[in-house]
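Protein chains in written order, with my numbering: chain A, 1 to 571; chain B, 572 to 1004.
Only one structure is covered here, and it is reproduced in the block below.
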Amino acid sequence: MGNVYRKSKWFRSRCKVHRGFRPVLHQLLASLAALALLLGPGSLSGRRFYPDDPLQAAPRPRPVTTALSRKLSEYYDFFSNTFAQPGERQAPARLIPAQEVNTLGEVPDSSWYTNRHYRNPMSLEELARGAGGESAPSLEGPWTVVAAKAEGITPGFTIVDSRRRRYVLKFDPLNNPEITTAADVISSKFFHALGYFVPDNYVVEFDREQLVLGEDVLLRDSLGREHPMTERDLSEVLLNVPRSPNGKYRSIASFYLTGRPLGPFRYYGTRRDDPNDVVPHEHRRDLRGLSVFCAWLGHDDSRSINTLDMLVEAEQPRPGGVVPGLRYIRHHLIDFGSTLGSASNGANSPRSGHEYVFAWKPAIVQFFTVGVLVPPWARAKYPDLPSVGRFEWEKFDAAGWVPEYRNAAFSNRLPDDEFWAAKQVMAFTDDAIRAIVRTGQYSNPQAEQWIVESLLARRDKIGRAFLSKVLPLDRFAVENGRLLFDDLGVRHRLVSSRNYTVQWFRFDNESEAKTPLDGETSFTLPQQIESAAAGQYFAADIHAGDPKKMVTVYLRKQPGQVEVVGIDRAW
Amino acid sequence: MGRPFYFLEPKIRLQMLRITIPLVVILFLGTSLTAQVESRAAEIEAARDRKAQALEPDTPTKTERNLVYLRDKRILERITAGIAGFRLKLGGLASGSGFALGPEYLRRDLWNQTALFRGAAQMSFRGYQKYDVQFSVPPVNRGLYFLELGAVHRNYPQVNYYGPGPDSRKSSRSNFRLEDTQWNGTFGVRPVPRLSLGAAAGYLLVNVGPGTDARFVSAEQVFAPAEAVGIDRQANFLRNGFFVQYDYRDNPGGPRSGGNYFAEYSHYSDRTLGRHGFQRLDLELQQYVPFFNRRRVLALRGKSTLTFADDGQQVPFYLQPTLGGSEDLRGFRPFRFYDDNLIALNAEYRWETFSGLDMALFADAGKVFPRRAQWNFRDLEGSVGFGLRFNVRNAVFLRTDVGFSHEGFQVWVKFNNVFSEGPARAPHTPSVF
């Protein structure tokens, strides 16, 4: 039996069953509290669709006044995710659909996510521009080093350019010129186009003279002791970074995010000090689907420490009802140096994306088979291109891809989450991918070509893996009395054609009961819909061969029109 | 400790339900009556309302905060690095010495961090002692030259001795005290990356005495000076020589590809007795053959030591090449074989079980022999075994090996790689510990 999700996934809280030996009183109180949440107004309203469905943007965020900056431990994150299961996880008997999605299964614009390339295809220029594209550090004056980079594994500085704009400079490892800088810039453009908030990154080249040391800059040595940074310190950092053939230093200049940093977000739970953060992160579709994007770009370092919450004050109206002056928390992905075959400090491990850093099963298998059982990824072939590292497509397993260690949101993803992400990956044309990869400014055309080819092939593998798990019908619309849709499997040539069957229903929005409209089996809207009063709901079950895979489309009659108001997918 | 509800007595359960059900009904009705919503946006706002009423600082757990503190303050690095240059040093004594530790003073920041000074005193649970000081200018930051000055005093009270030659019997195990002091100076250049050339000179004082391991007889009681040359009287030596090394391993801390080849020539001039002058040639070839994307490695090593006694003189037993122990014949006890020459071959097949652990199957072969004409691969002793190589950041920090031979099995726990870094007289980075 396939899985069918027909309920709105907005903020459905759940009562966790307590199985431990807890005091009865605690159990009862917990149950009562959970019931209070479960019986929230949404579930009591007794209707499937509201008049404002499908919501395209989350309501205006509540102002945030008390959020404090805090650090999270990467070790804690690793151990808790590797040896425990934080957050609420899927169970075979009780799958938890994604939340923070509208009735069409799309992620509304919010402080987490903005629909970009898939909803409204971006031009090649817009794709290449990324999150900003017009704020590269000025070379007209010196760059003042105001801080040494303390986080991460690559050396770097914080600089202020002559226009008083602040950037983080990060460099490539000595033996792999361009690998990190190119990856960071390229991936930031992709993640921006995919809808996430990311830094505005630039590849820059400069002479040593471009850098001047600011006043009272402190440098932490390997033991964490701070001492005043000297010109010699500056030079020593530069001694260990590669130089371009023209003698200049190449780095990435990451424009400082606006706002006050509050530390990373977790891939499970919510921020307890953010009134707008009400959906457990492990159930956010934009985070579950992120796993597919990370697989595509080889972002195995997609962990908590590479995210950043910023307390921002809106300067101009934004989607989602954001008005100037409103202070709220915006959630960013940062630091894409470990993507596209890079590990930031060199080429990535061939294990990357195929196995976790540690997992019991493969470790035990290897332990007892004396390594005779060679994992397929160990046979992958990589180009001899130092600026590429280990990035390829032959052994890439889209469905089996994993980050460095377990991630609650990634682990919770379901086929409809994957579909949501895969259709966005497939929306990048060959030209779009080339345009973005070009922003990495590889000096070796072969490197650029390899990255492009890898991304094209990995994109297609993602399409084959995830668009086939569900019936991949999308972009439903009603035009000229017919229900139209886009079969992404056909569009992307994963299948040549399909024969569809459709069954129409009258849909009771209160009881959610479906009453068949006999004899209506074409995509022309039944007469009952045309003649229905405004506010009536109808549904169409669409199959295409596989009885488990079904799409149910919900229509609402409005004065003078019929609109698509909801989509359910079964697999 | 309370019991789950469904394990309670039926009567108690009934009583609780009488209280709970009305509460739930009140809660149900109360909530629905006061918070009916008419739009999706209102539903979201209601959820935010509930959250807003329960806001609290998003503080990590105490464990997590402590881990953040550990990282921010570099506590582990500081413990490793020590306090004011002082730290704990583990291991580093001879095989068979038992677990050793002691204080070490290390400064890497001399001369604008281009020079290093270290001094250490160590003792093992079996009474082995080692005191050494070292000043070196390592070839860092693309440096062309390197220099090392050092002095070492060792007092090893239970060094194994089974008699000379490849045919010594296991049952002949005895022990002796080896006490020596040496001053060494090394100067070298790196004309091209990976290639090191150097010269070394030093003075060596040796004393051999009765072994303290009561389980075995002391060597001088069973081996006459004719068998164990120099056991009656020891000499002091002026030692000089040169070495060459070509090292293109990908990662010296945990090599997976490349090679490391070196040769060292030394002349030991007996300055006190005039009976034990000799020349010594050490050759070693290491090759790391990766396959399956370096997740499998064949590590091969061949080494040989040949000695050339000066006219009418003999190599003293305490300076003879030895075989057996954690780094060559791992199925045999440390210092199992002594003679004027040796040859050893090692092959390890290593495979990655996960990022922090490689495993190894190994085979060792080797022999000692009195005459250089016997330099061949006949009559080799052999051992096989398996091991674990724990690594952090691609560098092995702990190695355990279990070796089997016809003389039994040996278990080794070491804080180093199985194959040496380079010539004995060339400067090497001190161990992390």
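Glycine included, each C-beta is placed from N, C-alpha and C at the ideal position.
As the structure is a prediction and not an experimental result, all values here were calculated from the model.
Considering only DSSP beta bridges, list what residue i is partnered with.
{"i": "D972 of chain B", "result": "B:G958, B:W983"}
{"i": "F255 of chain A", "result": "A:Y167, A:D200"}
{"i": "V723 of chain B", "result": "B:D703, B:Q753"}
{"i": "F849 of chain B", "result": "B:Y839, B:A880"}
{"i": "I914 of chain B", "result": "B:S875, B:K938"}
{"i": "A147 of chain A", "result": "A:T158"}
{"i": "A772 of chain B", "result": "B:G756, B:N811"}
{"i": "L890 of chain B", "result": "Paired residue(s): none; L890 of chain B is not in a bridge."}
{"i": "M930 of chain B", "result": "B:W922, B:L959"}
{"i": "P516 of chain A", "result": "A:F505"}
{"i": "L218 of chain A", "result": "A:P228"}
{"i": "G263 of chain A", "result": "A:D309"}
{"i": "F862 of chain B", "result": "B:R867"}
{"i": "E675 of chain B", "result": "B:R658, B:A691"}
Where residue i and residue j are concerned, what is the direct C-alpha to C-alpha distance, given to the nearest angstrom?
{"i": "A465 of chain A", "j": "Q424 of chain A", "result": "14 Å"}
{"i": "D572 of chain A", "j": "S110 of chain A", "result": "No statement about residue 572 of chain A is possible, as the shown extent of chain A runs from 1 to 571 and does not include it."}
{"i": "A617 of chain B", "j": "R47 of chain A", "result": "16 Å"}
{"i": "A692 of chain B", "j": "R225 of chain A", "result": "27 Å"}
{"i": "R70 of chain A", "j": "V551 of chain A", "result": "44 Å"}
{"i": "V4 of chain A", "j": "P547 of chain A", "result": "Low per-residue confidence applies at V4 of chain A: pLDDT is 44, beneath 50, and the placement is therefore not dependable, though the value from the model is reported in the following sentence. Their backbone Cα atoms lie some 12 Å apart in a straight line."}
{"i": "L488 of chain A", "j": "Q99 of chain A", "result": "23 Å"}
{"i": "S745 of chain B", "j": "T230 of chain A", "result": "60 Å"}
{"i": "L626 of chain B", "j": "T270 of chain A", "result": "11 Å"}
{"i": "L718 of chain B", "j": "R250 of chain A", "result": "34 Å"}
{"i": "P994 of chain B", "j": "F833 of chain B", "result": "6 Å"}
{"i": "G560 of chain A", "j": "D486 of chain A", "result": "24 Å"}
{"i": "G40 of chain A", "j": "D620 of chain B", "result": "Confidence at G40 of chain A is low in this model, with a pLDDT of 38, below 50, so the placement of that residue should be treated as unreliable; the coordinate-derived value is given next. Roughly 11 Å separates the two Cα atoms."}
{"i": "T180 of chain A", "j": "P737 of chain B", "result": "56 Å"}
{"i": "F49 of chain A", "j": "F507 of chain A", "result": "11 Å"}
{"i": "D574 of chain A", "j": "W112 of chain A", "result": "The requested residue 574 of chain A is not part of the displayed model; chain A covers only 1 to 571."}
{"i": "F21 of chain A", "j": "Q85 of chain A", "result": "In this prediction, F21 of chain A has a pLDDT of 33, which is less than 50 and means its spatial position is unreliable; nothing more can be read from the coordinates."}
{"i": "S875 of chain B", "j": "R786 of chain B", "result": "32 Å"}
{"i": "D207 of chain A", "j": "T154 of chain A", "result": "19 Å"}
First and last residue of the alpha helix (DSSP H) that includes residue i?
{"i": "P92 of chain A", "result": "Premise fails: P92 of chain A is in no alpha helix (DSSP H) and is neither H nor E."}
{"i": "M426 of chain A", "result": "415-426"}
{"i": "I433 of chain A", "result": "430-438"}
{"i": "Q805 of chain B", "result": "Here Q805 of chain B belongs to no alpha helix (DSSP H), and DSSP marks it neither H nor E."}
{"i": "V365 of chain A", "result": "360-368"}
Under 7 Å Cβ to Cβ from residue i, same chain only, skipping five residues before and after it: list those, please.
{"i": "A193 of chain A", "result": "R116, H117, M122, L127"}
{"i": "R406 of chain A", "result": "N81, T82, Y356"}
{"i": "G87 of chain A", "result": "Y268, G269, P280, E282, A408"}
First and last residue of the beta strand (DSSP E) that includes residue i?
{"i": "K633 of chain B", "result": "Here K633 of chain B belongs to no beta strand (DSSP E); instead the alpha helix (DSSP H) covers 633-643."}
{"i": "I567 of chain A", "result": "561-570"}
{"i": "Q503 of chain A", "result": "501-507"}
{"i": "V553 of chain A", "result": "550-558"}
{"i": "L467 of chain A", "result": "L467 of chain A -> no beta strand (DSSP E), and no H or E assigned at all."}
{"i": "D486 of chain A", "result": "482-487"}
Note down, in chain order, each residue of its chain lying with its Cβ closer than 6 Å to the Cβ of residue i, except the 5 sequence neighbours on either side.
{"i": "A936 of chain B", "result": "L916, L951, G953"}
{"i": "Q705 of chain B", "result": "R689, G721"}
{"i": "N822 of chain B", "result": "N965"}
{"i": "R791 of chain B", "result": "In the sequence under discussion, the amino acid at residue 791 of chain B is Glu, which differs from the Arg named in the question. The residues are I802."}
When the cut-off is 8 Å and only beta carbons count, does residue i lie next to chain E?
{"i": "P137 of chain A", "result": "Absence of chain E from the displayed structure is noted, the protein chains being A and B."}
By Cβ distance, which residues of its chain are closer than 8 Å to residue i, with the 5 residues on each side in sequence left out?
{"i": "G927 of chain B", "result": "F961, N962, V963"}
{"i": "I597 of chain B", "result": "Interpretation of I597 of chain B is limited by its pLDDT of 43, a score under 50 that renders its predicted location unreliable; the figure taken from the coordinates is listed afterwards. Counting only Cβ-Cβ distances below 8 Å, and skipping sequence neighbours, we find nothing."}
Query raised in the report: Of all the residues that make up the stretch 62-96 of chain A, which are near chain B by a beta-carbon distance shorter than 8 Å?
Result: Result list: R62, T66, A67, L68, R70, K71, L72, S73, E74, Y75, Y76.
Report task. Residues of the stretch 550-570 of chain A with a CB closer than 8 Å to any CB of chain B: list them in chain order, please. Result -> Answer in chain order: no residues at all.
Requested in this report: Output, in sequence order along the chain, the residues in the stretch 625-642 of chain B whose CB is closer than 7 Å to any CB in chain A.
Outcome: Of all residues in the stretch 625-642 of chain B, only L626, E627, P628, D629, T630, P631, T634, E635, L638, V639, R642 place a beta-carbon less than 7 Å from a beta-carbon of chain A.
Query - Residues within the stretch 272-289 of chain A neighbouring chain B, beta-carbon criterion of under 9 Å - result: Near chain B, meaning a CB-to-CB distance below 9 Å, the residues of the stretch 272-289 of chain A are R272, D273, D274, P275, N276, D277, V278, V279.
Query raised in the report: Just by C-beta distance, which residues in the stretch 857-885 of chain B are closer than 7 Å to chain A?
Result: Per Cβ criterion, the list reads F863, N864, R866, R867.
**Report entry** Proximal residues, the stretch 825-859 of chain B versus chain A, C-beta separation under 9 Å
**Finding:** Per Cβ criterion, the list is empty.
Query - Interface residues of the stretch 433-465 of chain A facing chain B [CB-CB below 7 Å] - result: Residues passing the 7 Å Cβ filter: none.
Query raised in the report: Quick one, which residues of the stretch 220-237 of chain A are near chain B if we go by CB-CB under 9 Å, in chain order?
Result: Flagged, chain order: R220, D221, S222, L223, G224, R225, R232, E236.
Query - Contact residues within the stretch 111-135 of chain A, judged by C-beta distance below 9 Å to chain B - result: Legend: CB atoms of the stretch 111-135 of chain A lying less than 9 Å from CB atoms of chain B are not found in any residue.
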